[in-house]
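Working notes for the structure below.
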Amino acid sequence: MDDYNCQLTESCIKFAEDDIGETSERRTEALIILKSWLKENPKINANPDPLSLLYFLRACKYDLDRTKENIKKFYKMRSIRSEWFNDRSPLDPHIAELFRIGVFLPLLKKDVDGRQIVIIRTGAHNPKKHKFSDVLKASKMILDYLMFQDESISVYGINAYFDMSHLTGGHAFQLTPTLIKHAVKSWEVYPIRVKLLKFLMVPSHVIWALQIFRSFMSAKLKSRMFISRDTAEDPSRLPVDLGGTESSYDELTVYWREKMESNADFFNR
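Every letter in the sequence shown is one number past the one before it in full-length UniProt numbering, and letter 34, counting from 1, is 34.
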């Protein structure tokens, strides 16, 4: 379509064809169908931008029925969980402080398979001061911006590492079964190919919370979830804080805080 500007490399385009079954003809046809469907269903209130729709198409491997269903589920989730998606200003004092802490840190280099790596620091915030809904809001703000800026994520997917060091009883107390369910279901409908969920340095007193997490997951997501009391087996592509060689938490925190502050207009779209 004329309004789609492909940002993928030749190797990424080839991977999309082999792994997802995407061709330029199939992509154009699918985008036309989805845009027409959204016009017929305005109550969904979905973003008709081609890149946004392609995230859904690629996550569902171009199964149009699944794609439509996932679009409906995603925007319904956004409506229900409005506390995560409304009033998303990087300059909001509560959100800005979480950016300064660095609760959600995408790495600046991909893994060997081209996947985006993100570090989720579950014990970094102060549970007496920060609402977990704000932690999730700040995290999703960075993720949404990242997805918009890097189209290759829609093809190769994402590996999420949860650094659970420094997790206290106060953090665990925030994780009610209802909140855990909502968080898991939001991952399930997010238009992104989750390839790995790795929980690192897990304290024994929060194993129960991860068991609840797992109980709400689809079979596919369960198969990609791993728990370790230690660091990753091969941390070479991870930050130095996790025994790797990539940018430190402090460096990544500064980078993403400045990136969010300088792109505040993105969240007014």
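Just so you know, even glycine gets a beta-carbon here, dropped at the ideal spot from N, CA and C. Quick caveat: nothing in here was measured; it's all calculated off a predicted structure.
Is the separation between the beta-carbon of residue i and that of residue j shorter than 8 Å?
i           : j       : result
Ala-59      : Asn-45  : no
Phe-216     : Ile-180 : yes
Val-240     : Ala-16  : no
residue 270 : Arg-115 : The requested residue 270 does not occur in the structure, where the chain is confined to residues 1 to 269.
Leu-107     : Glu-246 : yes
Leu-34      : Thr-67  : yes
Val-189     : Met-77  : yes
Arg-26      : Tyr-62  : yes
Pro-50      : Asp-3   : yes
Leu-64      : Pro-48  : no
Ile-117     : Arg-237 : yes
Ala-172     : Val-206 : yes
Ile-142     : Trp-256 : yes
Tyr-145     : Asn-263 : yes
Tyr-161     : Leu-200 : yes
Met-147     : Tyr-249 : no
Residue i by DSSP, collapsed to three states: which one?
i       : result
Ile-20  : helix
Asp-3   : coil
Arg-269 : coil
Thr-9   : coil
Tyr-255 : helix
Answer with buried or exposed for residue i, where buried requires no fewer than 16 other C-beta atoms within 10 angstroms of its C-beta.
i           : result
Asn-159     : buried
Asp-163     : buried
Ser-186     : buried
Lys-134     : In the sequence as displayed, the identity of residue 134 is Asp instead of Lys. Buried: at least 16 other Cβ atoms inside 10 Å.
Ser-152     : buried
Ser-21      : In the sequence as displayed, the identity of residue 21 is Gly instead of Ser. Exposed, because fewer than 16 other Cβ atoms sit within 10 Å of the Cβ of Gly-21.
Arg-121     : buried
residue 303 : In this structure the chain extends from 1 to 269, so residue 303 is not present and cannot be described.
Ile-192     : buried
Phe-104     : buried
Lys-109     : exposed
Thr-253     : buried
Met-1       : The predicted position of Met-1 is uncertain, since its pLDDT is 46 and thus under 50; no value can be drawn from it.
Ile-80      : exposed
Lys-222     : exposed
Ala-30      : buried
Ile-119     : buried
Lys-14      : exposed
Less than 7 Å between the CB of residue i and some heavy atom of the ligand FMN, yes or no?
i      : result
Ser-11 : The ligand FMN is not among the ligands present in this structure, which contains no ligands whatsoever.
For residue i and chain B, any beta-carbon pair shorter than 8 Å?
i       : result
His-182 : No chain B is part of this structure, which consists of one protein chain only.
Which parts of the UniProt domain "CRAL-TRIO" (92 to 250) are runs of the alpha helix (DSSP H), unbroken and 4 residues or longer, counting only runs that do not cross its ends? 93 to 101, 132 to 149, 153 to 156, 169 to 174, 177 to 189, 207 to 215, 219 to 222
What are the complete alpha helix (DSSP H) segments, minimum 4 residues, inside the region 45 to 97? 50 to 59, 64 to 80, 82 to 85
Contact the region 85 to 104 vs the region 138 to 145: 3+ CB pairs below 8 Å: yes
Check whether the region 205 to 214 touches the region 73 to 82, counting contact only when three or more Cβ pairs, one atom from each stretch, lie closer than 8 Å. no
Any contact between the region 166 to 175 and the region 109 to 127? By contact I mean 3 or more CB pairs, one from each, below 8 Å. yes
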